[in-house]
Amino acid sequence: MPVLDLLDLPAACPPDTPWMGLDLGEKTIGVAVSDATRMIASPLELIRKSKFTLEAEHLFKLMAHRKVSALVVGLPINMDGTEGPRAQSCRAFARNLERLRPVNVAFWDERLSTSAVERFLIDELDLNRKRRAGVVDRTAAAWILQGALDRVRDQATWV
């Protein structure tokens, strides 16, 4: 399956199936999952990057276990709207997943998601740097997924 526009994703997915959100970092992959109604995103886990095929297998197992029908991958767009090397890396990750197995994928602009999550963890939860390190990426994945879910839901109410 090709990468889909976010607003085309619901039509490509069976109803009542959750979506998974990914925050692709240099050393880790933050993973979040929605509920079956696609209303709420929750942090799930953190995958340490090692070898792509191992990471992909782990993701496919998580998807199968939770009956996930789509991936929403955070796309780190530059503040001026251009795509740099990190965005290209995210696109390559999605293409490589597709080569292994058909999967519905859409991208979501993740600008400032990690900063927003860091600020929340500091201001609201008063977590120190060490405690934040284990939470930031999977929480950023939930932030990304929640933004995408809200966008799809908002679009559906305007149609």
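The sequence shown: position 55 = 59 (our numbering), numbered continuously.
Even for Gly, the Cβ is constructed at its ideal location relative to N, Cα and C.
*When the Cα atoms are used, what is the spatial distance from residue 31 to residue 69?*
One alpha carbon belongs to residue 31, the other to residue 69, and they sit about 24 Å apart.
*asked:* With a threshold of 8 Å on Cβ separation, who are the neighbours of residue 100 within its own chain once the five nearest residues in sequence on each side are excluded?
replied: The answer, listed in chain order, is 56, 60.
*Reference residue 37; option with closest CA among 104, 143, 16, 58*: Closest option to residue 37, Cα to Cα, is 143.
*asked:* Quick check on DSSP: helix, strand or coil for residue 163?
replied: The pLDDT assigned to residue 163 is 47, lower than 50, so where the model puts this residue is not dependable; a value taken from the coordinates is nonetheless given after this. Here residue 163 sits in coil by DSSP.
*Whole angstroms is fine: what's the gap from residue 88's alpha carbon to residue 82's?*
When the Cα atoms are used, residue 88 and residue 82 turn out to be separated by approximately 7 Å.
*asked:* Please list the terminal residues of the continuous beta strand (DSSP E) segment that includes residue 24.
replied: Per DSSP, residue 24 belongs to the beta strand (DSSP E) from 23 to 28.
*Along the beta strand (DSSP E) that carries residue 73, what are the first and last residues, could you check?*
Per DSSP, residue 73 belongs to no beta strand (DSSP E) and is neither H nor E.
*With DSSP collapsed to three states, give me the class of residue 42.*
Correct three-state label for residue 42: coil.
*When the Cα atoms are used, what is the spatial distance from residue 45 to residue 39?*
Going by the C-alpha atoms only, they are around 7 Å apart.
*Please go through the same chain and pick out, in chain order, the residues whose beta-carbon is closer than 8 Å to the beta-carbon of residue 22, but skip the five residues on each side of it.*
Same-chain partners within the cutoff: 37, 38, 39, 40, 42, 70, 71, 72, 73.
*Starting from the C-beta of residue 64, find all residues in its chain whose C-beta is less than 7 Å away, skip the five residues before and the five after it, and write them out in chain order.*
Hits under 7 Å: 105.
*asked:* Measuring straight from C-alpha to C-alpha, what distance separates residue 14 and residue 76?
replied: The alpha-carbon atoms of residue 14 and residue 76 are separated by roughly 12 Å.
_Nearest-angstrom beta carbon gap, residue 26 and residue 156 [assumed within contact, 8 Å]_ = Wrong, their Cβ atoms sit about 17 Å apart, outside the cutoff.
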